[in-house]
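Count along the sequence shown starting at 1, add 685, and that's the number in my numbering. For every residue, glycine included, the Cβ atom is placed at its ideal position computed from N, Cα and C. Since we're looking at a predicted model, the values are computed, not measured. Written below as structure tokens is the structure these notes are about.
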Amino acid sequence: MKKRVLLLSEGFGAGHTRAAYALSSSLRKLSPSVQTKVLELGSFLNPKVAPLIITAYKKTVLSQPRLVGMMYRHQYKKSLNRFTTLALHRIFYTHTKNIVNQLRPDIVVCTHPIPSAVISRLKRLGSNIPLCTVITDYDAHGTWISPEVDRYLVSTQEVKSKMLEQGVAASKIEVTGIPVHPNFWEHPVKEEIREKFGLKNMPTVMVMGGGWGIMNDEVINNYLTRWRDQIQIVFCLGNNEKVLRKLEQDPSYNHPNIRLIGFTPEVDKLMEVSDLLVTKPGGMTCTEGLAKGIPMLFHHPLPGQEEENCQYFTAQGLGEPISSLEVITKWMNKLIHEYDSIQQRREEQLKSIDRYRPMQSAQSIIDMLESNKVPS
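Structural data, given as structure tokens:
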């Protein structure tokens, strides 16, 4: 009999939902007897209200990042407070209960704190459904933590230590790494990818605009174009049509070595043929870059979890923050003058990649399904 896994996410940034789909693919790859369903809880239950909340959050992030950082630090060791939980209860609880009763999953896996809090409340009020929460950053904020969670899957030993400090039992925490789509662990033929996207075989920089396309730093983007004669630059602008159109009209970007790309589901292929990634340090994007062994330059981390992600990857020698334009100059010169050594270092990075256990998150969920925690 097939086991059913319900994966719940939320639309605050693209990373949480990407993690849910990555787990869905990995679970099906590991076990043909597993059925999965991915839902963004707010968008599914409140299609009119959810986009308004997400847009308001996005505006706050863009216009008042310091406020976001202050709130992140102030609430660091606190779970979702009573008022928020009550609001979530009013908005989501009854509908979520109906979904769970209708779909009858054998386990619920949450990749965002809000659905985790809602399912925790369901459990407090009598449900015995196993709950697994996947923390999609390299930090452990208190909003993720709830006594009703049966297992936490976390990125690193450091995150586990932070959770132990917050009183979570060691038996509930497993260090699995953040799940990324299996495609990121594969290495297709580069020539075929270049042909598909019309790219040349030359030093290549990939600039990612973040899940919301909010990495629009004209200074950095324009500065990168100075090297367009010697370096190929691929700008991935996500869903930000406005910036895409603007850059298409700019003569600086009208060059055979510059490619402007909107939303694409084939980020893994573009990373495969790129030699340097310029990105905001979101947990998912950093982990995808890690899987591809690509060196990263981090752009304007948001106060809070992105700062933590940036610090972790920098400390591991996998990336560097853009503290000044000199950092970009240094890397452009490396790509031009030390291209072979950059490629060699990447090969070495890929050889040691297995220590990150790409399928461990999915395997842990399958272990839960097969253990006594999940009734048949």
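Put residue i into one of helix, strand or coil per three-state DSSP.
| i | result |
| --- | --- |
| Leu691 | strand |
| Lys1019 | helix |
| Lys672 | No answer is possible for residue 672: it lies beyond the span of the chain, which begins at 686 and ends at 1061. |
| Val723 | strand |
| Met1044 | coil |
| Phe983 | strand |
| Thr949 | coil |
| Arg789 | coil |
| Pro1060 | Confidence at Pro1060 is low in this model, with a pLDDT of 41, below 50, so its placement is unreliable and no value can be given for it. |
| Val853 | coil |
| Ile858 | strand |
| Ile943 | strand |
| Lys977 | helix |
| Ile738 | Its pLDDT being 48, under 50, Ile738 is placed unreliably by the model, and the measurement read from it follows with that caveat. In this structure, Ile738 counts as helix in the three-state DSSP scheme. |
| Val746 | In this prediction, Val746 scores a pLDDT of 44, lower than 50, which makes its location untrustworthy; the coordinate-derived value is nonetheless stated afterwards. Looking at Val746 - three-state DSSP - the assignment turns out to be helix. |
| Leu765 | With a pLDDT of 49 at Leu765, under the threshold of 50, the modelled position of that residue is not reliable, and the figure given next carries that caveat. Of the three classes helix, strand and coil, the one that applies to Leu765 here is coil, per DSSP. |
Could you give the residue range of the beta strand (DSSP E) that holds residue i?
| i | result |
| --- | --- |
| Tyr837 | Arg836 to Val839 |
| Glu1005 | Gly1004 to Pro1006 |
Contact criterion: CB-CB distance below 8 Å. Does residue i meet it with respect to chain C?
| i | result |
| --- | --- |
| Phe777 | Checking the listed chains, one finds no chain C in this structure; it contains a single protein chain. |
Among the candidates the options, whose CA atom is the shortest distance from the CA of residue i?
| i | options | result |
| --- | --- | --- |
| Ile863 | Glu973, Arg689 and Ile1021 | Glu973 |
| Cys921 | Val928, Gln934, Gly947 and Asn906 | Gly947 |
| Cys971 | Arg703, Ile1013 and Gln787 | Arg703 |
| Lys808 | Gln787, Ile878, Thr1014 and Glu833 | Glu833 |
| Ile916 | Asn906, Ile943 and Leu929 | Ile943 |
| Ile792 | Val860, Tyr778 and Lys722 | Lys722 |
| Glu1033 | Glu1011, Leu975, Ser1056 and Lys1019 | Leu975 |
| Asn907 | Gly923, His940 and Leu884 | His940 |
| Lys687 | Glu695, Val719 and Ser711 | Val719 |
| Asn925 | Leu909, Pro936, Ile918 and Asp902 | Asp902 |
| Ser1056 | Pro815, Val890, Trp829 and Ser959 | Pro815 |
| His866 | Thr964, Val952, Gly827 and Leu1020 | Val952 |
| Gly923 | Val785, Gln934, Tyr938 and Lys965 | Lys965 |
| Tyr928 | Asp914, Pro936 and Leu945 | The residue you asked about is not Tyr; residue 928 is Val in the sequence shown. Checked all of Asp914, Pro936 and Leu945; the closest Cα to Val928 is Leu945. |
| Asp1052 | Glu876, Phe777, Asp835 and Trp829 | Asp835 |
| Ser856 | Tyr837, His872 and Glu871 | Tyr837 |
| Lys1036 | Glu871, Thr949, Glu877 and Ser801 | Glu871 |
Just reading off the alpha helix (DSSP H) that residue i is part of, what are its end residues?
| i | result |
| --- | --- |
| Arg703 | Gly700 to Leu715 |
| Val952 | Val952 to Glu957 |
| Val865 | Val865 -> no alpha helix (DSSP H), and no H or E assigned at all. |
| Thr999 | Gln990 to Ala1000 |
| Val819 | From DSSP, Val819 is part of no alpha helix (DSSP H) but of the beta strand (DSSP E) over Leu816 to Val819. |
| Tyr1024 | Tyr1024 to Lys1036 |
| Pro798 | Pro798 to Arg809 |
| Glu1074 | With the chain covering 686 to 1061 only, the question about residue 1074 has no answer from this structure. |
Less than 8 Å between the C-beta atoms of residue i and residue j, yes or no?
| i | j | result |
| --- | --- | --- |
| Gly1004 | Phe998 | yes |
| Phe869 | Leu955 | no |
| Ser812 | Ser831 | no |
| Ala1047 | Leu708 | yes |
| His1022 | Ile1007 | no |
| Leu726 | Ile820 | no |
| Trp912 | Met981 | no |
| Glu957 | Lys931 | no |
| Asn817 | Leu693 | Reading off the sequence, residue 817 comes out as Cys, not Asn. Against a cut-off of 8 Å, the Cβ pair of Leu693 and Cys817 comes out as no contact. |
| Leu987 | Met893 | no |
| Ile918 | Ile1013 | no |
| His797 | His701 | yes |
| Val860 | Lys847 | no |
| Leu712 | Ile1050 | yes |
| Gln842 | Gly827 | no |
| Asp822 | Glu993 | yes |
| Asp960 | Thr889 | yes |
| Ile858 | Val874 | no |
| Gly967 | Glu933 | no |
| Lys1019 | Ile1027 | yes |
Discussion item. Going residue by residue through the stretch 872 to 917, where are the continuous alpha helix (DSSP H) segments of at least 4 residues, counting only ones entirely within it?
Written reply: Scanning the stretch 872 to 917 from its first residue to its last, the whole alpha helix (DSSP H) runs of 4-plus residues come out as 875 to 882 and 903 to 909.
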